[in-house]
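First residue of the sequence shown? That's 292 in the numbering used here, and the numbers climb one at a time after it. Ideal Cβ positions, reconstructed from N, Cα and C, are used throughout, including at glycine. Fair warning: this is a prediction, and the values are worked out from it, not measured in the lab. I have placed the structure first, in the form of structure tokens, so that the comments after it can refer back to it.
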Amino acid sequence: MRCTYCVLLFTTLFLGTAMAATPDAEGFVPMFNGQDLSGWVLTNTPSATWTFQDNMLVCSGKPIGELRTERMYQNFVMELEWRHMVPRGNAGVFIWADDITARGVPFHRGIEVQVLENAYGNTQSHTTHGDIFPIHGATMTPINGRGGSRAFPTEERSNPSPEWNHYRITCQDGEISLAVNGKVVTQGKECSPRKGYICLESEGGIVHYRNVRIKELPDTPVDAAHVAIASRGYRSIYSGLDLAGWTGKEDSLNAWHANDWVLSCDGPQNRSDVTLETAEQFGDVGFVFDVRLKEDGKSLQFGLRDAAIDTSDAAISTHLDQTGRWNRFEGTLQGSRLSLTVNGREAFQNRAVEKLAERGAISISPSGPIELANIYVRELSATIK
292 MRCTYCVLLF TTLFLGTAMA ATPDAEGFVP MFNGQDLSGW VLTNTPSATW
342 TFQDNMLVCS GKPIGELRTE RMYQNFVMEL EWRHMVPRGN AGVFIWADDI
392 TARGVPFHRG IEVQVLENAY GNTQSHTTHG DIFPIHGATM TPINGRGGSR
442 AFPTEERSNP SPEWNHYRIT CQDGEISLAV NGKVVTQGKE CSPRKGYICL
492 ESEGGIVHYR NVRIKELPDT PVDAAHVAIA SRGYRSIYSG LDLAGWTGKE
542 DSLNAWHAND WVLSCDGPQN RSDVTLETAE QFGDVGFVFD VRLKEDGKSL
592 QFGLRDAAID TSDAAISTHL DQTGRWNRFE GTLQGSRLSL TVNGREAFQN
642 RAVEKLAERG AISISPSGPI ELANIYVREL SATIK
């Protein structure tokens, strides 16, 4: 390795989570305890994606998705060492992110600090030496940009696989800077959000992390418009690896495919029914799911305790983007009342639904080929009659 800066107090590495550990002499606390993912949330990746070996956090790269902190951060210094174990490996650290992933993608809205292996190559649009850029609705003014919102490093300092690299990410009042192997090379300002979650990204290749630690700096006044969406209690019910947790007739299951972060269906074709259901039963529930219809004239029924959300419903279809684009459905079923927004626009509020069971499965019944992603649920306690 070309730099000795990344040699840290290794013995203090994984003594506890950032929420519970005692700060060291420099004010840093470890973000992992070396045993489990305490202090972190599996947003849209299963636990199998993230394991611990030899005091390292190992990311399998599958499925594509993210792991985020349980709590938000505003001003801080974060340090970590990383190495890709395959050439052209891709990953990232997301700063000031929302609670769940953005519409139609497996990534959060936030500011991404790129973790890219050297063999990926450098172009006018990207480098492998520590780019920083806003993603999926976030904004940032780059320092050393190239006409867009991406900030480029002033030097090439990262090491190739399987060598280790050291990142020091400093975030203060909506400004962000990255030191790669001991020297600041990339900077951005006027970031929004500027308070939110920290995420680690899984994107196809094996990545090792170690010495992940954080030092919080004093909070400063921040407008609510610059604060990421706080946790609403959502959890993913699709693993991105297989159909675990889902059931259906054998012929139905043959039509469904776990294509990494996308759950796809061929459609009925010669099958009488391709309904897929959760093995888990739900009562009052909040939900999010993204759907992409692949053919004109086809529809999807999303069932909740026998209450159907049908994309052919005029109250819904008027808000859908054209065929081939992702649509986000978000709503609640509380008691006998169903509320729904489509792509951020209200479809209906407290629509009465009759003869509902107290608990039931979530079902997906398409009339043609579809793709789904970002399938989240949250349990609700209050019931509206």
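Practice problem: Given a cut-off of 9 Å, decide if V368 and I460 are closer than it, judged by their beta-carbon atoms. | Solution: yes
Self-check item: Rounded C-alpha distance that separates P378 from H610
Solution: 43 Å
Quiz item: Between T342 and the rest of its own chain, which residues show a CB-CB distance below 7 Å, the 5 nearest in sequence each way excluded?
Solution: V349
Quiz item: Quick one: what does DSSP say D575 is sitting in, helix, strand or coil?
Solution: coil
Quiz item: What residue does the beta strand (DSSP E) around L677 start on, and which one ends it?
Solution: No information on residue 677 is available, as it lies outside the stretch 292 to 676 that the chain covers here.
Self-check item: Validate contact between the region 491–504 and the region 532–547 using beta carbons, cut 8 Å, 3 pairs
Solution: no
Quiz item: How is the alpha helix (DSSP H) around D542 delimited, first residue to last?
Solution: 541–544
Quiz item: Alpha carbon to alpha carbon, what distance is there between T419 and L554?
Solution: 31 Å
Exercise. Leaving aside the five residues before and after G705 along the sequence, list all residues of the same chain whose C-beta is less than 8 Å from its C-beta, in chain order.
Key: For residue 705 there is no data in the structure shown, the boundaries of the chain being 292 and 676.
Self-check item: Residue closest to W387, alpha-carbon to alpha-carbon, out of L671, C482, D315
Solution: C482
Exercise. Report yes if the CB atom of L629 is closer than 9 Å to the CB atom of F639, and no otherwise.
Key: yes
Quiz item: Taking buried to mean at least 16 other C-beta atoms within 10 Å of its own C-beta, is G524 buried or exposed?
Solution: exposed
Quiz item: If you pair each beta-carbon of the region 384–403 with each one of the region 331–347, do three or more pairs fall below 8 Å?
Solution: yes
Quiz item: How is I391 classed by DSSP in three states: helix, strand or coil?
Solution: coil
Quiz item: Taking the alpha carbon of D464 as the point to measure from, which residue in Q415, H517, V396 has its own alpha carbon closest?
Solution: H517
Quiz prompt | Inter-residue spacing [alpha-carbon to alpha-carbon] between D685 and V579 | solution = No answer is possible for residue 685: it lies beyond the span of the chain, which begins at 292 and ends at 676.
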